[in-house]
Structure formats: C-alpha cells, structure tokens
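In UniProt numbering, the protein residues as written are 1 to 144.
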C-alpha cells in the first residue's frame with residue numbers, strides 16, 4: 001500500500017488500473033438491471049407488521065416463519081427461484097432496490113432486524129464472489 005492510502009482505496013485503485021471488477025462494488029451499469037420495491041414504514045409499528053409487509057410485497061410462502069432467520073432465507077432465495085421462497089426472482093446480475101420510505105421513524109427492533117437480514121444476504125453473495133443482491137434506498141415522504 002502506498003503512503004496515506006487505505007486498504008479499500010488501494011483495492012479500488014488497483015481494480016481501475018488493471019480493469020477488473022471488485023466484488024461488491026456496483027457500477028451505474030449494474031443499476032440498470034434492478035428490480036425496485038417500495039416499502040412505506042409509516043404503518044409498520046412492530047416486528048410482526050414488518051414481516052407481514054415483506055411477506056405481502058415479496059410473496060413469501062404460507063409457512064414463512066416471520067422472524068429474522070426466515071426473512072434472511074426468503075431474501076437469499078430470490079436468486080434461487082426453484083426453492084419457491086419468494087415470488088420476486090433476481091437474475092444473476094440483477095439487484096433488488098428496496099426503497100424504504102420513512103424508515104427513520106421505525107423502532108430499533110424493526111431497523112435492526114431488516115439491516116441484519118440485508119447485511120447477511122449481501123455478505124453471503126460477496127462470499128460467493130458475486131455482487132450485492134439488495135440495495136437500500138432511504139426516502140422520506142410527508143403524510144398528506
């Protein structure tokens with residue numbers, strides 16, 4: 001590493017120099033292959049409501065366990081449609097953008113559960129040499 005550079009910066013600089021992709025770093029081209037789902041957190045007041053909303057939006061199976069581990073399993077399975085765990089299917093190069101509206105109003109149990117699930121799914125993707133499968137976009141909209 002050169003003086004004053006961090007490990008991450010040197011990896012990115014090397015990738016640009018040698019023109020190879022860095023696992024986990026997304027480009028604008030990656031975002032052209034996205035699916036987007038918007039979830040408004042105004043009415044998600046407890047962990048049960050979070051699981052009900054994700055179940056409704058992503059089409060989890062009837063036996064969905066409504067806990068963080070089950071959420072991780074269903075989100076991970078979007079790349080494996082043969083598992084039948086989600087009606088949303090991601091191709092090898094697709095990403096799911098979850099637009100979370102009013103997420104900052106959610107309680108810490110809800111926030112932590114969702115962040116742990118997304119982080120776990122993305123870490124598994126990176127461990128397999130693939131890019132993130134889920135991106136979070138945070139928005140705020142006033143109630144009318």
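Even for Gly, the Cβ is constructed at its ideal location relative to N, Cα and C.
State the DSSP-derived secondary structure class of residue i, mapped to helix, strand or coil.
i	result
residue 99	strand
residue 90	coil
residue 134	strand
residue 40	strand
In terms of alpha-carbon separation, which member of the options lies closest to residue i?
i	options	result
residue 121	76, 39, 45 and 59	76
residue 57	123, 117, 104 and 87	87
residue 34	114, 61 and 91	91
residue 135	80, 123, 82 and 60	123
residue 81	119, 60 and 54	60
residue 68	129, 119 and 128	119
May I ask which residues mark the beginning and end of the alpha helix (DSSP H) holding residue i?
i	result
residue 50	47–58
residue 106	Premise fails: residue 106 is in no alpha helix (DSSP H) and is neither H nor E.
residue 62	Neither: residue 62 is in no alpha helix (DSSP H) and is coded neither H nor E.
Tell me which residues share the same chain as residue i and place their Cβ nearer than 7 Å to its Cβ, disregarding the 5 neighbours each side in the sequence.
i	result
residue 73	85
residue 138	100 and 103
residue 110	44, 47 and 50
residue 125	131, 132 and 133
residue 66	48 and 51
residue 79	90 and 133
residue 53	39 and 44
Among the residues of its own chain, which have a CB less than 8 Å from the CB of residue i, if the five just before and after it don't count?
i	result
residue 37	57, 58, 88, 96, 97, 98 and 99
residue 140	101, 102 and 104
For residue i, collect the residues of the same chain with a Cβ closer than 6 Å to its Cβ; drop the 5 residues on either side in sequence, then sort them by chain order.
i	result
residue 71	117
residue 93	33
Pop quiz: residue i and residue j are said to be a contact at Cβ under 8 Å. What is the actual Cβ separation, rounded to whole angstroms?
i	j	result
residue 41	residue 106	5 Å
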